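Residue numbers (our numbering): 205 to 450.
Data first, discussion second: the structure below is written as structure tokens.
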């Protein structure tokens with residue numbers, strides 16, 4: 205009988221990812237392979253093309269990350285989703301697919317032009333009726349949303365101006381329930397989040413929101429790093445435990 209430890213010790217080193225110094229090129233190649241095998245989707249590709257033609261910044265989640273958002277929302281059984289930061293609605297399409305025909309996504313977007321492009325993309329993708337776009341500063345819209353006393357959201361995806369991430373998380377905790385999922389995108393910042401002395405506003409905001417989750421705020425969280433065509437980054441994945449304390 206050959207034990208696993210014997211196999212590891214006796215096998216010659218394999219050339220490839222285990223020994224390579226991976227770079228952005230290799231990450232992009234893996235991303236391209238995964239997308240071609242698992243994520244190719246004409247409707248979401250059309251949304252990205254429309255965003256580019258409208259001059260929107262190319263800061264959407266990647267194709268694989270969009271699919272991941274859909275799968276996370278489906279796993280959570282999400283029927284009500286709050287998205288903070290719509291851009292052209294690319295990630296919104298994935299989330300709207302997850303909630304199903306009877307579900308709803310409320311997405312907040314600061315710029316009217318972005319919201320208009322998003323509406324066209326959502327309608328083209330066949331999920332427009334599931335999505336409500338609210339235009340304006342999210343920190344103005346969130347209190348209004350709370351006053352409306354909606355049903356709790358099952359998932360909140362935060363991908364907006366990074367300096368307000370901690371404020372968005374506080375509102376997310378008020379608008380969710382125990383068991384709800386909160387995802388905060390772009391917190392690793394090409395590894396910059398490890399630099400406690402950084403003067404970069406986005407890095408400082410990332411450290412602030414991570415450390416906020418490290419306090420007793422009513423949620424458990426971790427950070428997952430990601431690499432791919434979008435470079436080196438990562439996101440906070442949190443589950444609401446109880447009543448918010450912030």
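Note that CB positions come from ideal geometry on N, CA and C, so glycine has one too.
Bear in mind that the values here come from a model prediction, so they are computed numbers and not experimental data.
By the 10 Å Cβ neighbour count, where 16 or more other Cβ atoms means buried, how is residue i classified, buried or exposed?
{"i": "residue 269", "result": "buried"}
{"i": "residue 372", "result": "buried"}
{"i": "residue 447", "result": "exposed"}
{"i": "residue 197", "result": "The question about residue 197 has no answer, for the chain in this structure spans 205 to 450."}
{"i": "residue 434", "result": "buried"}
{"i": "residue 271", "result": "buried"}
{"i": "residue 428", "result": "exposed"}
{"i": "residue 419", "result": "exposed"}
{"i": "residue 314", "result": "buried"}
{"i": "residue 430", "result": "buried"}
{"i": "residue 317", "result": "exposed"}
{"i": "residue 233", "result": "exposed"}
{"i": "residue 366", "result": "buried"}
{"i": "residue 281", "result": "exposed"}
{"i": "residue 287", "result": "buried"}
{"i": "residue 449", "result": "exposed"}
{"i": "residue 432", "result": "buried"}
Alpha carbon to alpha carbon, how far is residue j from residue i? Give it in angstroms, no decimals.
{"i": "residue 424", "j": "residue 443", "result": "5 Å"}
{"i": "residue 396", "j": "residue 295", "result": "25 Å"}
{"i": "residue 421", "j": "residue 436", "result": "28 Å"}
{"i": "residue 376", "j": "residue 266", "result": "23 Å"}
{"i": "residue 333", "j": "residue 302", "result": "14 Å"}
{"i": "residue 231", "j": "residue 394", "result": "13 Å"}
{"i": "residue 324", "j": "residue 299", "result": "16 Å"}
{"i": "residue 340", "j": "residue 319", "result": "10 Å"}
{"i": "residue 305", "j": "residue 229", "result": "39 Å"}
{"i": "residue 248", "j": "residue 370", "result": "30 Å"}
{"i": "residue 253", "j": "residue 291", "result": "13 Å"}
{"i": "residue 311", "j": "residue 386", "result": "14 Å"}
{"i": "residue 307", "j": "residue 284", "result": "6 Å"}
{"i": "residue 351", "j": "residue 438", "result": "32 Å"}
{"i": "residue 411", "j": "residue 403", "result": "12 Å"}
{"i": "residue 238", "j": "residue 335", "result": "28 Å"}
{"i": "residue 344", "j": "residue 368", "result": "12 Å"}
{"i": "residue 217", "j": "residue 243", "result": "The pLDDT assigned to residue 217 is 44, lower than 50, so where the model puts this residue is not dependable, and the model offers no usable value."}
{"i": "residue 416", "j": "residue 246", "result": "39 Å"}
Mind checking whether the beta-carbon of residue i lies closer than 8 Å to any heavy atom of the ligand ZN?
{"i": "residue 291", "result": "Inclusion of the ligand ZN in the displayed structure is not the case, the ligand content being empty and no account of it being possible."}
Throw me the rounded Cβ distance for the residue i and residue j pair, which I believe falls under 8 Å.
{"i": "residue 297", "j": "residue 258", "result": "Not confirmed; about 16 Å, so no contact."}
{"i": "residue 293", "j": "residue 326", "result": "5 Å"}
{"i": "residue 342", "j": "residue 364", "result": "6 Å"}
query = Is the segment 345-362 touching the segment 272-291, taking contact as three or more C-beta pairs under 8 Å?
reply = When Cβ pairs closer than 8 Å are counted between the two stretches, the segment 345-362 is seen to touch the segment 272-291, the count reaching three or more.
3-residue-minimum beta strand (DSSP E) runs that sit fully inside the segment 371-413, ordered along the chain = DSSP runs (the beta strand (DSSP E)) wholly in the segment 371-413: 380-389.
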